[in-house]
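One point on numbering: in UniProt numbering, the residue at position 131 of the first sequence is 131, and numbering is uninterrupted.
Ideal placement from N, C-alpha and C gives every residue a C-beta, glycine not left out.
First up is the structure itself, then whatever we jot down about it.
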Amino acid sequence: MNIEDLERQQLELSKKLILEDTKPIENIRLVAGIDTTYTDIWTNPTVAISSIVVLDIENNFKEVEIVFAEKEIDFPYIPTFLAYRELPSILEAYKKLKTKPDAFLVDGMGILHPRKMGIASHFGVITGEISVGIGKSKLVGNFEMPENKPFSYKPIFVNKGKRGYILRVKKNTNPIFVSPGNKISVDSSLQLALKCIGRYKLPEPIRLAHNHLQEYRRKILKEG
DNA sequence: GCGACAG
DNA sequence: ATCTTGTCGC
């Protein structure tokens, strides 16, 4: 498939997006974080490693479950097509989950994407899960910078439509980009992200998925 | 035409 | 995204 075909596929998938709340935010208790890394980012093909960590946000972010998956991939990183690179290994990890999280936070964008199909939305549409995108830098959109104080935020617009929020979690830290993946509204995505903030700038599910992934990667590179 | 461009 | 220790600043 070429880029044009992939764009058409994204547009087709975007028709299945549900951008309304499908569950009261107060009933979301088990929140999963998803992150992906690579054994080598400079080669293709390479091996993608994904992890999903499930936390109970009403019990001190207690870890309920963690799974990993490794998968050989041959799709390069191309802006706006991240899902085609990372989703295969993410879905393998997803299959290993024994618990059923109420929602998933995915490292990357949701509808804060040219065709509303960032990796969090792609994951949400494919699995039918409630998902939210958590990005660390800008992909698309117009916005004002939030003030340099904790929990200040500004809406992000794409073609006049509100697609997400830029949120500064802590003072003197770069803001993060929050947008709905699927089955949740723009505003509730922000509320859920806020509920998942612990002591650091990244929501706990994402932060822990990232941390566990790093140690897992170190270990397999060392041992083989 | 030019710059921007998640991980 | 990865390679990497200490170090400067709030």
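### Environment of SER137 [buried if 16+ CB atoms lie within 10 Å]
Here residue 137 refers to the residue found at position 137 of the first sequence. Taking every protein chain shown into account, the CB of SER137 has fewer than 16 other CB atoms within 10 angstroms, so this residue is exposed.
### Query
Can you tell me where the beta strand (DSSP E) with GLU147 in it begins and where it stops?
By 1-based counting over the first sequence, the position of residue 147 is 147. That residue, GLU147, is in no beta strand (DSSP E); it is neither H nor E in DSSP.
### Query
ARG85 to PRO45, Cα distance in whole Å?
For this step, residue 85 is matched to residue 85 along the first sequence. For this step, residue 45 is matched to residue 45 along the first sequence. Each residue's Cα considered, the two are about 11 Å apart.
### Task
Would you list the one or two residues that DSSP bridges to SER50?
For the purposes of this step, residue 50 is taken as the residue at position 50 of the first sequence. Under the DSSP definition of a beta bridge, SER50 partners with THR36 and ALA69.
### Query
Which residues does DSSP pair with ARG168 in a beta bridge?
Looking up residue 168 in the first sequence gives position 168. Answer is SER152.
### Query
Where does GLU129 sit, in a helix, a strand or coil, going by DSSP?
On the first sequence, residue 129 is found 129 positions in, with the first residue counted as 1. In the three-state scheme derived from DSSP, where H, G and I count as helix and E and B as strand, GLU129 is classed as coil.
### Query
Where PRO146 and GLU223 are concerned, what is the direct C-alpha to C-alpha distance, given to the nearest angstrom?
Indexing the first sequence from 1 puts residue 146 at position 146. Indexing the first sequence from 1 puts residue 223 at position 223. Rounded to the nearest angstrom, the two C-alpha atoms are 44 Å apart.
### Message
Using only CA atoms, which one of ILE130, GLY161, ALA69 and LYS171 lies nearest to ASN148?
### Response
Within the first sequence, numbered from 1, the residue matching residue 148 stands at position 148. The candidate whose alpha carbon is nearest that of ASN148 is LYS171.
### Query
CA-CA distance, GLU4 and ARG199?
Here residue 4 refers to the residue found at position 4 of the first sequence. Here residue 199 refers to the residue found at position 199 of the first sequence. The alpha-carbon of GLU4 is positioned some 43 Å away from that of ARG199.
### Task
Compare the Cα-Cα distances from LYS154 to each of VAL132, ILE130, SER131 and SER179 and report the closest residue.
Position 154 of the first sequence, counting from 1, holds the residue named residue 154. Residue SER179 is the option with its Cα nearest to LYS154.
### Task
Can you give me the Cβ contacts of ILE206 inside the same chain, cut-off strictly under 7 Å, excluding the 5 residues immediately before and after it?
Position 206 of the first sequence, counting from 1, holds the residue named residue 206. Answer for ILE206: GLY33, ASP35, LEU105, ASP107 and ILE134, listed in chain order.
### Query
So, using beta-carbon positions, are SER89 and ALA69 closer together than 8 Å?
The sequence position of residue 89 within the first sequence is 89, counting from 1. The sequence position of residue 69 within the first sequence is 69, counting from 1. Yes, Cβ-Cβ distance for SER89 and ALA69 is below 8 Å.
### Task
Could you have a look at GLU215 and say whether DSSP puts it in helix, strand or coil?
Here residue 215 refers to the residue found at position 215 of the first sequence. Helix at GLU215.
### Task
Give the DSSP bridge partners of residue 250, in chain order.
Lying outside 1 to 224, the shown extent of the chain, residue 250 is not represented and no answer is given.
### Query
What does DSSP give as the partner residues of residue 274 in its beta bridges?
Any question about residue 274 goes unanswered here, given that the chain covers just 1 to 224.
### Per DSSP, the bridge partner or partners of PHE157
Counted from its first residue, the first sequence places residue 157 at position 157. Bridge partners of PHE157 according to DSSP: ASN142 and LYS162.
### Query
When DSSP labels each residue in this structure, what does PRO88 get in the three-state scheme?
In the first sequence, residue 88 corresponds to position 88, counting from 1. Here PRO88 carries a helix assignment [DSSP, helix/strand/coil].
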